[in-house]
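This report refers to the structure that appears directly beneath it.
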Amino acid sequence: MSKDNSVFSEPHMMEDFSSNPSDINSEHMEDSRDIYEKSEQSVFSENITTFSTGESGDTRLNYHHIYEESIQTVTLYKTLLITVLLALSAGPLAVAGVFMSSFEYSSFFLLNVVIIGPAMEEALKTGALLMTVEKRPWFFKNGLQIILIAAAGGLLFGVIENLLYFNYYIKNPTSEIIRFRWIVCTSLHVGCSLISGMGIRRVWLSSMKDKTQPRTTIWFPWFITAFIVHAIYNGSVTLAELGKNYFF
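For the sequence shown, our numbering begins at 2 and goes up steadily by one.
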């Protein structure tokens, strides 16, 4: 077969020719880098709340594998320690967040008391617990842990709030006010936290059952219920107090 000596046989006229030999290497390097980056990406780099039941099979299998491996590393001591830390931190964190925000909305008294306050309190009391369940559901061995953390968060919030009211916000509180706040207000905080906690427990149970990514949308109706209960209570007490001052 004769050799083509025309100008079209020159290297630079070839279809696959690259003027810079490093271009070929760079393409291979990009392919390798893509593969490396994909292998380095874990499910925790994704926004877990965006996943739904329509997630891909690869994602489910990957998360299932991570869940199975991770749950083996959580000892009884570790899960109990996490439970205690979350229970002790939930109340104080919520109190700090609510009282700091109350200054910002102080000019909107009714809006703050009936809407903003209850929403923030219920979100903050169980916020750390929800984030832990969402990101590391294998930290918990039993759903009862979640309920206890939620209840403890509500109880500590109520205790700290009462102490602040009695020492800074209410001058010379009567025995009736003290008794009312310790019984009614504290029970309200514990009860609403339990409602929210039951929703978080359902998120955890759903994830644990099939070792799938937690879906926080399951919790949202429970949070709305806790918020409504709290808002109705605050609104009723506020209207009763305003009515007493106005009519009597």
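Glycine included, each C-beta is placed from N, C-alpha and C at the ideal position.
Between residue i and residue j, what straight-line distance do the alpha-carbon atoms span, to the nearest angstrom?
| i | j | result |
| --- | --- | --- |
| residue 123 | residue 224 | 7 Å |
| residue 227 | residue 153 | 16 Å |
| residue 89 | residue 157 | 8 Å |
| residue 147 | residue 132 | 12 Å |
| residue 234 | residue 189 | 8 Å |
| residue 163 | residue 198 | 22 Å |
| residue 161 | residue 121 | 16 Å |
| residue 196 | residue 174 | 30 Å |
| residue 241 | residue 170 | 19 Å |
| residue 238 | residue 230 | 12 Å |
| residue 92 | residue 165 | 13 Å |
| residue 218 | residue 66 | 23 Å |
| residue 71 | residue 220 | 23 Å |
| residue 82 | residue 110 | 40 Å |
| residue 203 | residue 210 | 10 Å |
| residue 118 | residue 176 | 26 Å |
| residue 172 | residue 243 | 18 Å |
| residue 73 | residue 191 | 33 Å |
| residue 155 | residue 136 | 22 Å |
Residue i and residue j look like a contact to me (Cβ under 8 Å); what is the Cβ gap, rounded to whole Å?
| i | j | result |
| --- | --- | --- |
| residue 130 | residue 116 | In fact, because the Cβ distance is near 23 Å, the residues do not count as touching under 8 Å. |
| residue 193 | residue 159 | Not quite, the Cβ-Cβ distance comes to about 10 Å (not below 8 Å), so this is no contact. |
| residue 184 | residue 167 | At roughly 14 Å, the Cβ-Cβ gap does not stay under 8 Å, so residue 184 and residue 167 are not in contact. |
| residue 201 | residue 127 | 6 Å |
Determine the DSSP secondary structure at residue i, reduced to helix, strand or coil.
| i | result |
| --- | --- |
| residue 75 | coil |
| residue 109 | coil |
| residue 63 | helix |
| residue 133 | helix |
| residue 126 | helix |
| residue 141 | coil |
Here's a check: name, in chain order, each residue in its chain whose Cβ is nearer than 8 Å to the Cβ of residue i, leaving out the five neighbours to either side.
| i | result |
| --- | --- |
| residue 64 | 44, 212, 213 and 214 |
| residue 205 | 134, 138, 141, 144, 147 and 215 |
| residue 69 | 212 |
| residue 222 | 200 |
| residue 48 | Here the model assigns residue 48 a pLDDT of 42, short of 50, so the residue's position is not dependable, and the following value carries that caveat. If we look at residue 48 and ignore the five residues flanking it on each side, it has no Cβ neighbours. |
| residue 84 | 141, 146, 149 and 150 |
Take residue i and list the residues in its own chain whose beta-carbon comes closer than 7 Å to its own, dropping the five residues that flank it on each side.
| i | result |
| --- | --- |
| residue 236 | 115 |
| residue 75 | 139 and 140 |
| residue 77 | none |
| residue 208 | 138, 214 and 215 |
| residue 87 | 129, 130, 133 and 150 |
| residue 232 | 115, 116 and 119 |
Spatial neighbours of residue i within its chain, please: CB distance less than 6 Å, with the 5 preceding and 5 following residues excluded, ordered by chain position.
| i | result |
| --- | --- |
| residue 42 | Note on residue 42: pLDDT 44, under 50, position unreliable in the model; the coordinate value appears next. Contacts found: none. |
| residue 182 | 163 |
Is residue i near the ligand SAM, going by C-beta to nearest heavy atom under 7 Å?
| i | result |
| --- | --- |
| residue 222 | The model depicted lacks the ligand SAM and carries no ligand whatsoever. |
| request: Output the residue ranges of the beta strand (DSSP E) runs that lie fully inside the stretch 172-236 and measure 3 residues or longer, sorted by chain position. | output: Runs of beta strand (DSSP E) with 3 or more residues, each lying fully within the stretch 172-236, are absent.
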